[in-house]
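In the working numbering, the protein residues as written are -19 to 155. This report concerns only the one structure given below.
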């Protein structure tokens, strides 16, 4: 559900789900918690959706490093293969494949992975459907000079532009 379409009741249910001490309706809290979990991509690194992390929380994750396990979760959720991930992260395919599952990437690559997870988490939230968002990412878009959003996410500025476009979609601005 987009932010603009949420009622006060929706926000209170979400708040109750996140803070079990104030939950008054167990079923509503479980449903909301399940929806909240839907947007978490780097489950090993974070307990809430990446697009809702503070800058300090993101810095902490980058300093700790993102694990190969989390990269594989991103790969699955974003419906990308290693070749596509390597292109989007501006690294070689071997850099991604050669890590062991529990090993962590360095700060530079972890920052890029977190940036991608942040973008996809936001997209999943706005589109309310992972498959629909993943398809949107691969289709040319007039608002991006005819380029597919995926083709722009290999650097910080491209990710920002795509995230801004998702924000415009979230608020119903023709894009």
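Here a beta-carbon is modelled for each residue, glycine too, at the ideal position from N, C-alpha and C. Computed from a predicted structure; not experimentally measured.
Item: Residues of its chain near residue 23, where Cβ-Cβ distance is below 8 Å and the 5 sequence neighbours each way are ignored; Value: 50, 53
Item: Status (buried if at least 16 other CB within 10 Å, exposed otherwise) for residue 139; Value: buried
Item: Residue 21 and residue 128 closer than 8 Å at C-beta; Value: no
Item: Top-ranked residue by Cα proximity to residue 143, from 85, 99, 132; Value: 99
Item: Simplified DSSP assignment, three categories, for residue 35; Value: helix
Item: Where residue 114 sits in the DSSP three-state scheme; Value: helix
Item: Residue 41 beta carbon less than 8 Å from that of residue 94; Value: yes
Item: Exposure label - residue 31; buried when at least 16 CB within 10 Å; Value: buried
Item: Completely contained alpha helix (DSSP H) runs for the region 76 to 109, where each covers 4 or more residues; Value: 87 to 107
Item: Contact check, residue 85 vs residue 45, beta carbons under 8 Å; Value: yes
Item: Residue of 67, 119, 103 minimising C-alpha distance to residue 146; Value: 103
Item: Boundaries (first-last residue) of the alpha helix (DSSP H) holding residue 136; Value: 136 to 150
Item: Buried/exposed call for residue 58, threshold 16 Cβ in 10 Å; Value: buried
Item: For residue 130, the first and last residue of its enclosing alpha helix (DSSP H); Value: That residue, residue 130, is in no alpha helix (DSSP H); it is neither H nor E in DSSP.
Item: Residue 35 burial status per 10 Å Cβ neighbour count (16 or more: buried); Value: exposed
Item: Pair within 8 Å by beta-carbon distance, residue 25 and residue 82; Value: no
Item: Rounded straight-line distance, which links the Cα of residue 131 to that of residue 92; Value: 15 Å
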